[in-house]
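Numbering (mature numbering (1 follows the signal peptide of the UniProt record, and there is no 0)), first residue to last: -19 to -1, 1 to 129.
Here the structure is laid out as structure tokens; the discussion comes afterwards.
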Ligand SMILES: *[C@@H]1O[C@H](CO)[C@@H](O)[C@H](O)[C@H]1NC(C)=O
Ligand SMILES: *[C@@H]1O[C@H](CO)[C@@H](O)[C@H](O)[C@H]1NC(C)=O
Ligand SMILES: *[C@@H]1O[C@H](CO)[C@@H](O)[C@H](O)[C@H]1NC(C)=O
């Protein structure tokens, strides 16, 4: 279900400085279903992210939880979910990756890049907790990529 390299996304984001941004680049051949939860809204409406499109939001506050599945019934108890947790506190950004129930991408590789060495990088559900100064960079989730 991976997209060929010929159809790689063209991202042209005009993102302002002094804030960190969360971006989902859908390299999968299927629509992604996304829940952008935070401490005041645990079950927000599900958003669709079509294949070969990107979704973005500004990261603010603590206890944010971006969840993604390949099935529309995101909130069904048995739905496998990718979870990217993030918080901004005292000028630092914290993030970690986890999965719930099972691997939502059936073994398809993914990566999360933060655009700086200090902010970290992962390509697994390893629960590593990353942190770095907040501001002016993009935390990008890239599912269904070739990590080789
Ligand atoms: C939490 O999510 C709700 C619903 O999406 C949004 O209106 C609100 O601004 C968010 N709060 C923060 C601190 O980002
Ligand atoms: C999301 O996709 C589903 C089908 O996969 C569709 O039924 C629903 O209307 C879509 N929702 C939005 C907001 O586009
Ligand atoms: C993560 O995936 C993106 C999209 O395919 C790719 O451009 C980038 O090189 C990957 N990062 C690493 C460190 O593999």
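Note that beta-carbon positions come from the ideal geometry of N, C-alpha and C, so glycine has one too.
1) Cutting at 6 Å between CB atoms, please list the residues of its own chain near residue 62, excluding the five before and the five after it.
2) Per DSSP, what are the beta-bridge partners of residue 78 in this structure?
3) Output the distance between the C-alpha atoms of residue 99 and residue 37, rounded to the nearest integer angstrom.
4) Assuming residue 69 and residue 1 form a contact by the criterion Cβ under 8 Å, report the distance between their Cβ atoms to the nearest whole angstrom.
5) In three-state terms, what does DSSP make of residue 37?
6) Would you call the CB atoms of residue 76 and residue 65 closer than 9 Å?
7) Return yes when the Cβ of residue 13 is within less than 9 Å of the Cβ of residue 120, no when it is not.
8) Does residue 100 come out as helix, strand or coil in the three-state DSSP assignment?
9) Is it the case that the Cβ atoms of residue 114 and residue 9 are separated by a distance below 9 Å?
10) Alpha carbon to alpha carbon, how far is residue 73 from residue 40?
11) Flag this pair as yes or no: are the beta carbons of residue 126 and residue 105 separated by less than 9 Å?
Put simply:
1) The answer, listed in chain order, is 48, 50, 81 and 85.
2) 65
3) 22 Å
4) 7 Å
5) strand
6) yes
7) Cβ distance not < 9 Å, so residue 120 and residue 13 don't count as in contact.
8) Here residue 100 carries a coil assignment [DSSP, helix/strand/coil].
9) Annotated as distal: residue 114 and residue 9, with beta-carbon spacing of 9 Å or more.
10) So the alpha carbons of these two residues sit roughly 11 Å apart.
11) no
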